[in-house]
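The sequence shown: position 53 = 53 (the UniProt record's numbering), numbered continuously. Notes follow the structure.
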Amino acid sequence: SRLRQGHHGHVPPGPGSRAEAAWCRGPVPCCPLRSRGCPGRASHAGRPWAHRAAMDIAVSIADHRSLSSSDAIWRSLYSSIQIGSTCHTGSGVLIHGARFRSGTVENPLILTVRNSQTETVMYVRNIPISTVLDRSGHLEQWVAVYPPGDPQNYQLFDAAAPAREGSPQLRLSVVVREEEDDGDEWGGEGA
């Protein structure tokens, strides 16, 4: 069956996290998949993020700083932005207006900076889409990026905490626009 991506088997935000607190406010909406066998409220009580209307997501990397002290390396850097299986790659570090469509907050926004000479991943950062939704669907700020495997990348992303001065950073802009859910997950086209 054509269930919304990430519908069942979704891993909830950590207990006590800000993401969980934000999603657990208010009543749980009726499940639009109930007619397709989803048990609805009973199976997702307190976790309305399990069902989302389709989201249009626009992402830009508008600037960068402290990525490399070497001009030769800096000129060979390029970035990619990924959500789910969709990836946009720039010819340099800056990317403007990359567009994504998603029906789940399960897939994070993944920023990657690579060296085009060696294809080595220099920096990476995972940003939960729920963080952007917590900020009324708009995030625009300097974001620290980390070498691959750095545990700081896997800690809870805190949009209120500024990136440390002198650390590698990208100026990120993310806008999430949610479509109104009319009870039909396929945008009114039917099953």
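Yeah, the Cβ is synthetic: ideal placement off N, Cα and C, and Gly gets one too. Since the structure is predicted, the reported quantities are computational estimates derived from the model, not experimental observations.
From the options, pick the residue whose C-alpha is nearest to that of residue i; which is it?
i, options, result
"Val-105", "Pro-128, Arg-135 and Val-143", "Pro-128"
"Ala-53", "Gly-103, Gly-97 and Gln-117", "Gly-103"
"Leu-172", "Pro-151, Pro-147 and Asn-126", "Asn-126"
"Thr-120", "Ile-73, Ala-62 and Ser-69", "Ile-73"
"Ser-76", "Ile-57, Arg-177, Arg-114 and Leu-156", "Arg-114"
"Tyr-123", "Ser-69, Arg-177, Gly-149 and Ala-98", "Gly-149"
"Thr-118", "Ser-130, Ile-61 and Tyr-78", "Tyr-78"
"Thr-89", "Ser-69, Asp-71 and Ser-116", "Ser-116"
"Ala-159", "Ser-66, Gly-97 and Ala-144", "Ala-144"
Report the partner residues of residue i according to the DSSP bridge assignment.
i, result
"Met-55", "Ser-102 and Glu-178"
"Gln-82", "Cys-87 and Ile-110"
"Val-121", "Arg-114"
"Ala-144", "Gln-169"
"Asp-63", "Arg-171"
What is the DSSP secondary structure of residue i, counted as helix, strand or coil?
i, result
"Arg-114", "strand"
"Gln-155", "coil"
"Ala-160", "coil"
"Val-93", "coil"
"Leu-77", "strand"
"Ser-136", "coil"
"Asp-150", "coil"
"Ser-130", "helix"
Only counting the same chain, and skipping five residues up and downstream in sequence, which positions put a Cβ closer than 6 Å to that of residue i?
i, result
"Thr-86", "Phe-100"
"Glu-179", "Ala-53 and Ala-54"
"Val-174", "Val-59, Val-132 and Leu-139"
"His-64", "Val-93 and Leu-170"
"Arg-177", "Asp-56"
"Trp-142", "Ala-163, Gln-169 and Arg-171"
"Ser-68", "Trp-74"
Residues in its own chain within less than 8 Å of residue i by CB, not counting five upstream and five downstream?
i, result
"Leu-146", "Looking at the sequence shown, residue 146 is not Leu but Tyr. Around Tyr-146: Tyr-123, Val-124, Arg-125, Gln-152, Asn-153 and Pro-168."
"Pro-15", "Legend: pLDDT at Pro-15 = 41, less than 50; position of this residue unreliable, value from coordinates given subsequently. Answer for Pro-15: no residue qualifies."
Kindly list the residues whose CB is nearer than 7 Å to the CB of residue i, restricted to its own chain and excluding five residues on each side of it in sequence; keep chain order.
i, result
"residue 271", "Outside the modelled stretch of the chain, which goes from 1 to 191, sits residue 271, for which no answer is possible."
Between the segment 133 to 140 and the segment 93 to 100, do at least 3 Cβ pairs fall closer than 8 Å? no
Pairing CB atoms from the segment 67 to 82 with CB atoms from the segment 107 to 124, are three or more of them under 8 Å? yes
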